[in-house]
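Residue numbers (this note's numbering), protein chains in the order written: chain A, 2 to 154; chain B, 9 to 288; chain C, 1172 to 1950. The structure appears right after this line, and notes come after that.
As structure tokens, this is what we get:
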């Protein structure tokens, strides 16, 4: 066990972790971020996506101890009036909703790099996230809508 | 569970690799975590390079570009220098898995994994990259064309770690493309892939081909296509690639299908490179 | 789409409105709590030892080393549980054939044999690796062909459960792998004259596929005083309570089953999954246990039935469909699950939604040594639709007719008797077909192309009966402030029941959006509901909810009549409260209840039951005048491209239509249709569980492919057809499965159109397409 310093959604956490613990489990069980979820365990579905220092990471494949001092953003920590969240809500971009926080964070990363993505660029960025309910058309519309609002983290 | 070691510099990392039982270098860690979960990783010690300085630089060299082993794959597609000096590499790295995995997976770990289906080796083969290795005994360089030895086996020896990949600049006037064909979902692993690089130097025209997912290791072949038109170049490329194709059958296709698909990948890559050259 | 007229006073109606999905913001931000996110007592973490053999006798299970590992609290074997529970250990909705842990014999690779309870999951898993099992191999039965030879048997004896009374005649039957057989005999197919008759036939195959909801199954069970509490990812809380009560021989009030919204399910989280094991472990050890399936384990819990259909369809010289035959074999794996129901309900529509005078169908449910197959969106119907929609297309082509027009001519219409003897109502196949063919411009000419990419169009129609008979209950609690709480055991898995049930309440009681909240299913408080599955909730639970709301309305009217001293017939509920015409006064719900009870925060309760009945089909002929409460009708049209060099099929445009009777919430209905279509594209093109000697070889998301954003057609449209059902709530029926029925045949029919080959095995992988083209000499 060693102490890990994480800033999660702007709040500092010092949590004891084992060397082999995954960031996913630490965030869920020790920080209380249940918006970060396991779906496949192999980085293929995106349900466990978090932003680490602004970049998307599959927390199911990330060793927690490698992220000492990191700034982590999870979907539940986004500001109340977050433009991406608003766009997803208004476009009805959710069915069961389990995978959606991952899509929201991928959208943030995309728009930070490319504020006006076209359809191909949106697909290229979201292709590693699976929505089994098949909400892709609404999700893509939400990304475009968020871009139009000028989403910024 | 293996023990995690986090050396603070390269010498310490090399010492650990030399002295520990069954050590394995932990780069980006994406493949290692998957193997751990599947119960397929038998290392007792993991040597994590994330706190070793100097392994994430992308630097121009006299002949091209040098990329630190811990550089995330995603930087290869977004970095302007990479796109300018080795556009084929930039394009190919952008096809690995998905952006999230590319943020974590590292350039060194990617090739060290030695998976025959990986995208980057095809471009690195065509570009004649060199792999820089380091151990407690010193440093050596291995041409990427000699790096992949057998199924999931590379030239990295016990006690060694990859510190960088050096990629020669794509020659002026060259043209290139990378083609990845999948047989299941659009975002699946490739069932066949090909990187094509057309180079004109000293009056000779050469087609350099790297092909992936079609044999136990990525394959390379170079063909003199001086004086060829597009159609004869395509035929020459397919003829040269054909003997290298030795597919592993799996849920993505039989040997026969993958062989056929491999030749389509080669043809598509050559045609696109040709078009790329016409467009310049 | 019909737009609902404004109600009196310009008030927006609730039914037909595009209300925002319940908990929309919570789902987007991730603050919505799924089962694994809810607080539970400290638990032993459970890891499961799974069989490495497809079929074997268990000779010995050595847990000594595992039990000695520090941190291990207990190791429980199937034999331990059998000693405690006897044959009650065997559960299952149709047959009591599924042990929570195998105790005498294993029947598939991956079957649970022992469970380790430990302080953490890593320890539990490490202990599992120390368990040693000695097996004596038995001859495995890998496929239905082998199973039907009758040489080796997955189960020695058939053991119908007490759930479905009509299976009792199978009790004690030996020496068979066929656990159910349904036969349909309409007219006489053998008596059809052969003169001038055109017959097409084929052998169709749909492989087993996996549901893969992204939420993993999770069950926590603990003992509280003398009761067992279970928090679990299930679509069937009422069933689970009964199953666990039977397993442990407890009264129903000593078992509490709770769930939350589910992160998708599609049929995978119902009946007996992790719950019997969790319950048996918690009760036998008198402790709290938590079981979470890994993705790899989830692949072993349930699958969609692989199914073979050998079938034919014949037309006379005038183009009338005179006969249809289908011999259907459902591979149900090691356990029957609800396979017998699937076998009958799907078998009976294997002739398709057409006027067919003579039909012969045999549909069998067959055990094999593979993971158990169960319900999956469509309940076995996509497998038979694959057959009849390929056949009818080929028949049209043989006759030189347009495939859409040929179907249109023969589709069942209102009042027609379907082949199994039931008269059609509210199943507008023609309307669905018209909508999708119009959308893709079916009658406008197009270039198929001559180069590498060839273009084709295809169409298909789907028909499915709703699960009947079933039972639904609803309790509405109206709060003194005019808000309401709805207690139902319907589980929102993404289909939107938490949104549309409040719309039904709000429509009756004239409440606003957001004023009705649905309580998560909890068998201590929410009333019995058969299951949330088979697209039954909108109709069944919706009717119970509507009836309960109407009772509440009557109560309010009575209260207002008393208060205002007018006749109840003079009062009606409006958006402002209850209005009396005579008294020229409207009393708000808040005032009315405050006045009645003399306190704030009081509640008024109303409840209702809705039960459907059916006429069981005749066991000889398979016919019934009312085999179902209502029908789902759907149609799909696609335009695709085939890459003739790789065989890859790319869906360019897809239009999907469904007759929903009446859309309570059109947005949610459209999402169900397009979502099902996207899932169906996966089933058509690449979804497939691949087995090698009974073992799944692609059971991880690295190898098992699901449609991504890349697989969505450039143009995808949903078309809501509303042919109101006479007894549906406001005319409504369900829609969850409608969109998926006809996707695969529509795409295959388009491949036939584009490159001239008829493929009868799914999926339409590039290799299979290219192989078929090579065989047919198409380049």
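Glycine included, each C-beta is placed from N, C-alpha and C at the ideal position. Bear in mind that the values here come from a model prediction, so they are computed numbers and not experimental data.
Closer than 7 Å by beta-carbon distance: list the chain C residues that pair up with residue 259 (chain B), in chain order. Listed along chain C are 1861, 1868, 1869 and 1874, each with a C-beta nearer than 7 Å to that of residue 259 (chain B).
DSSP three-state assignment for residue 1564 (chain C), whether helix, strand or coil: helix
Any idea if residue 1386 (chain C) is buried or exposed, counting beta-carbon neighbours within 10 angstroms, 16 or more meaning buried? Result: buried.
Any C-beta of chain E within less than 8 Å: which residues of the segment 110 to 127 of chain B qualify? Among the chains of the structure shown, chain E does not appear; the protein chains present are A, B and C.
Rounding to the nearest angstrom, what Cα-Cα distance links residue 216 (chain B) and residue 87 (chain B) in this structure? 24 Å
Excluding sequence positions up to five away, which residues of its chain have a Cβ less than 8 Å from the Cβ of residue 1939 (chain C)? 1818, 1930 and 1932
Please give the ranges of any beta strand (DSSP E) in the segment 1578 to 1654 of chain C, keeping only runs that are unbroken, at least 3 residues long and fully inside the region. 1624 to 1636 and 1642 to 1650
Tell me the rounded alpha-carbon separation between residue 1281 (chain C) and residue 1229 (chain C). 14 Å
By Cβ distance, which residues of its chain are closer than 7 Å to residue 284 (chain B), with the 5 residues on each side in sequence left out? 183, 184 and 185
Cβ separation of residue 34 (chain B) and residue 49 (chain B), assumed to be a contact under 8 Å, to the nearest whole Å: 11 Å between Cβ atoms; not a contact.
By the three-class DSSP mapping on this structure, what secondary structure does residue 1529 (chain C) have? strand
Within a Cβ cutoff of 6 Å, which residues of the same chain sit near residue 1878 (chain C), ignoring the five residues on either side of it in sequence? Result list for residue 1878 (chain C): 1849, 1852 and 1853, in chain order.
Going by DSSP in three states, residue 1764 (chain C) sits in which element: helix, strand or coil? Note: residue 1764 (chain C) maps to helix in three-state DSSP.
Which two residues bound the contiguous beta strand (DSSP E) that contains residue 1777 (chain C)? 1774 to 1782
Does any C-beta atom of chain C lie closer than 8 Å to the C-beta of residue 59 (chain A)? no
Which two residues bound the contiguous alpha helix (DSSP H) that contains residue 1403 (chain C)? That residue, residue 1403 (chain C), is in no alpha helix (DSSP H); its beta strand (DSSP E) goes 1398 to 1403.
Going by other Cβ atoms of all chains shown within 10 Å of its Cβ, with 16 needed for buried, is residue 1172 (chain C) buried or exposed? The predicted model places residue 1172 (chain C) with a pLDDT of 37, which falls under 50 and marks its position as unreliable, so this point remains unresolved.
Where the segment 121 to 138 of chain A meets chain C: residues whose CB sits under 8 Å from a CB there: The segment 121 to 138 of chain A vs chain C, Cβ under 8 Å: 123, 124, 127, 128, 129, 130, 131, 132, 133, 134, 135, 136, 137 and 138.
Taking residue 1713 (chain C) as the reference, which of C:1724, C:1685, C:1691 and C:1672 has the closest Cα? C:1672
Helix, strand or coil for residue 1340 (chain C) per DSSP? Secondary structure at residue 1340 (chain C): helix, using DSSP grouped into helix, strand and coil.
So if I threshold CB-CB distances at 8 Å, which residues from the segment 101 to 119 of chain A count as touching chain C? When C-beta distances to chain C are compared with 8 Å, the residues of the segment 101 to 119 of chain A below that value are 101, 102 and 105, in chain order.
Bridge partners of residue 172 (chain B), per DSSP? B:76 and B:140
Can you give me the Cβ contacts of residue 1652 (chain C) inside the same chain, cut-off strictly under 7 Å, excluding the 5 residues immediately before and after it? 1761
With DSSP as the reference, identify every bridge partner of residue 197 (chain B), one or two as the case may be. Answer is none; residue 197 (chain B) lacks a bridge partner.
Same chain, Cβ closer than 7 Å to residue 192 (chain B), five either side skipped, listed in chain order: 260
Rounded to whole angstroms, what's the CA-CA distance from residue 1926 (chain C) to residue 76 (chain A)? Just pull it up for me. 47 Å
Residues of chain B with CB closer than 7 Å to the CB of residue 1816 (chain C), please, in chain order. 272
Along the segment 12 to 23 of chain B, what residues have a CB closer than 7 Å to any CB found in chain A? Taking 7 Å as the Cβ-Cβ cut-off against chain A, the residues of the segment 12 to 23 of chain B that qualify are 12.
Residue-level contact to chain C via CB, residue 305 (chain B), 8 Å cutoff: The question about residue 305 (chain B) has no answer here: the residues shown for chain B are numbered 9 through 288.
Could you give the uninterrupted runs of the beta strand (DSSP E) lying entirely in the segment 190 to 278 of chain B, keeping only those of 3 residues or more? 200 to 209, 212 to 220 and 227 to 232
8 Å Cβ cutoff, residue 1144 (chain C) in contact with chain A: Look at the range of chain C in this structure, 1172 to 1950, and you will see that residue 1144 (chain C) is not part of it.
Within chain B, partners of residue 24 (chain A) - CB distance below 8 Å: Chain-ordered listing is empty here: chain B has no CB closer than 8 Å to the CB of residue 24 (chain A), the nearest sitting near 11 Å.
Check whether chain B comes within 8 Å of residue 1173 (chain C), counting only Cβ atoms and requiring the distance to be less than that. Below a pLDDT of 50, predicted positions are generally treated as unreliable, and residue 1173 (chain C), at 41, falls in that range; the measurement from the model is reported next regardless. False, the Cβ-Cβ gap to chain B never drops below 8 Å.
Determine the extent of the alpha helix (DSSP H) in which residue 137 (chain A) is found, giving its start and end residues. 137 to 150
Residue 1182 (chain C): buried (16+ other C-beta within 10 angstroms of its C-beta) or exposed? exposed
Report yes or no: is there a C-beta of chain B within less than 8 Å of the C-beta of residue 28 (chain A)? no
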